[in-house]
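Single-structure report; data block below.
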Amino acid sequence: MTLLAKGVITPQRRSHIPWAACLIILLASAACAWLFNAFMPQGIGLTPAHVSHPLWQGVSLERAARMYGQGALFVDARDPGQYKRSHIRGAVNLSPVEREYLYPLLKPSLEAAKRIVVYGKGVSRFPAAEIGQFLRQQGFGEVWVMEAGLDEWRAAGHPLREPKRPGNSS
Amino acid sequence: MKALRELISLASRLFVAGVFLYAAYDKVWQPAAFAQAVAEYELVPLWLVNSSSAVMAWLELLLGALLVFGVAVRAAALWSSGLLVFFIALMIYAGLTGAGYDCGCFPGGGHAAGYETALRDLVFLVPSLWLVFFPGRWLALAPGRGSRPREERFLS
Numbered sequence: 005m006t007l008l009a010k011g012v013i014t015p016q017r018r019s020h021i022p023w024a025a026c027l028i029i030l031l032a033s034a035a036c037a038w039l040f041n042a043f044m045p046q047g048i049g050l051t052p053a054h055v056s057h058p059l060w061q062g063v064s065l066e067r068a069a070r071m072y073g074q075g076a077l078f079v080d081a082r083d084p085g086q087y088k089r090s091h092i093r094g095a096v097n098l099s100p101v102e103r104e105y106l107y108p109l110l111k112p113s114l115e116a117a118k119r120i121v122v123y124g125k126g127v128s129r130f131p132a133a134e135i136g137q138f139l140r141q142q143g144f145g146e147v148w149v150m151e152a153g154l155d156e157w158r159a160a161g162h163p164l165r166e167p168k169r170p171g172n173s174s
Numbered sequence: 769m770k771a772l773r774e775l776i777s778l779a780s781r782l783f784v785a786g787v788f789l790y791a792a793y794d795k796v797w798q799p800a801a802f803a804q805a806v807a808e809y810e811l812v813p814l815w816l817v818n819s820s821s822a823v824m825a826w827l828e829l830l831l832g833a834l835l836v837f838g839v840a841v842r843a844a845a846l847w848s849s850g851l852l853v854f855f856i857a858l859m860i861y862a863g864l865t866g867a868g869y870d871c872g873c874f875p876g877g878g879h880a881a882g883y884e885t886a887l888r889d890l891v892f893l894v895p896s897l898w899l900v901f902f903p904g905r906w907l908a909l910a911p912g913r914g915s916r917p918r919e920e921r922f923l924s
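As given, the protein sequences belong to chains A and B, one line each in that order. Take the first sequence: its position 141, counted from the start at 1, is 145 in our numbering, and no numbers get skipped. Take the second sequence: its position 139, counted from the start at 1, is 907 in our numbering, and no numbers get skipped.
Below, the structure is given as structure tokens:
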């Protein structure tokens, strides 16, 4: 028996959730977003260029680990705060936000590397794909973007650098 | 009592509208920068970043406009409350993962994603939730269903 049939709630007490209005608001937002981005000069495409026209190549976790053993330079494209918490041992930090400051500093190391493997967190491939695209545009030949993130790397038991934090007993 | 409730509803409506309009105009006008901010969270795959960020920016703008003019207030308040709950969860997630990036909430930046921002959004959620239950009718062009006091609804 429903609550309505039992008399616990009466027809008058049922809340009026305006589903139709909610749906119209969402559809109107989507329509405005599409129109604006299609016709305004600052509009963005449906997908970013580093996804629709990637210059980088994807690489599996296993292959990336082999490249690590062969001396490839790993680039951590995540936020500097996340990099400080943990990163692949030997990786350098080059995030999109601080790219213009960090790139000139890292350029000699990047140029010395035969292969470059960029990684992010894995779920979205951001910001690894963006940095991968940027490095290819700068003329670096072998730029790979790791398909897995740091969590998978950690789970597979590959080398990590995780500075101990205050209060961390482990 | 009824007048006080209407006054609180009006103040809540204008406050939430102000927050959403202020947050939205820069996101709408500079979609690439906002897409970058959304991508930072790594919650959606890259191919969804542009479209989801563009829709979210316009959703915020429309919600602000609807609340200012008092049109479909309850529906707008449901959306704004839902978005704020989502933002709070997102800020807590960002705090847990040690993110140091800007939350991308308001123009000009300067608001790091994390617990403090979650607390701020929690404050915004209070008037938004009030509007879900008491949309009010003062200075509202078309408040929509559910905006009339319950006693009036029963009589009609």
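Quick reminder that beta carbons are idealized off the backbone N, C-alpha and C, glycines included.
Flagged as an interface residue toward chain A: B/E810, by a C-beta distance shorter than 8 Å. For A/Q142, the closest C-alpha among the options A/A35, A/S56, A/L27, A/R103 is that of A/R103. Secondary structure at A/I135: helix, using DSSP grouped into helix, strand and coil. Taking 9 Å as the cut-off between beta carbons, the residues of the segment 811-824 of chain B near chain A are L811, V812, P813, L814, W815, L816, V817, N818, S819, S821, A822, V823, M824, in sequence order.
Counting only runs that start and end inside the segment 40-125 of chain A, the beta strand (DSSP E) elements of at least 3 residues fall at 61-63, 77-80, 120-123. Remark: fewer than three beta-carbon pairs, one from each stretch, lie closer than 8 Å, so the segment 36-48 of chain A and the segment 857-870 of chain B are not flagged as touching. A Cβ of chain A is located within less than 8 Å of the beta carbon of B/Y869. For B/P911, no CB of chain A lies under 8 Å from its own CB, so it is not counted at the interface with that chain.
Taking all protein chains shown into account, A/K125 has 16 or more neighbouring C-beta atoms within 10 Å of its C-beta and is therefore buried.
Three or more beta-carbon pairs drawn from the segment 850-859 of chain B and the segment 867-885 of chain B are found closer than 8 Å, and the two stretches are therefore classed as touching. A/R165 sits close to A/H91, with the two beta carbons spaced by under 8 Å.
Chain B places a beta carbon closer than 8 Å to that of A/F40, counting this residue as a contact. Within its own chain, the residues whose Cβ lies closer than 8 Å to the Cβ of A/M71, once the five positions on either side in sequence are excluded, are V63, R119, V121, W148, listed in chain order. Judged by DSSP secondary structure, A/W148 falls within the beta strand (DSSP E) whose first and last residues are 147-150. Under the Cβ distance rule, A/R70 does not count among the residues neighbouring chain B, no pair being separated by less than 8 Å.
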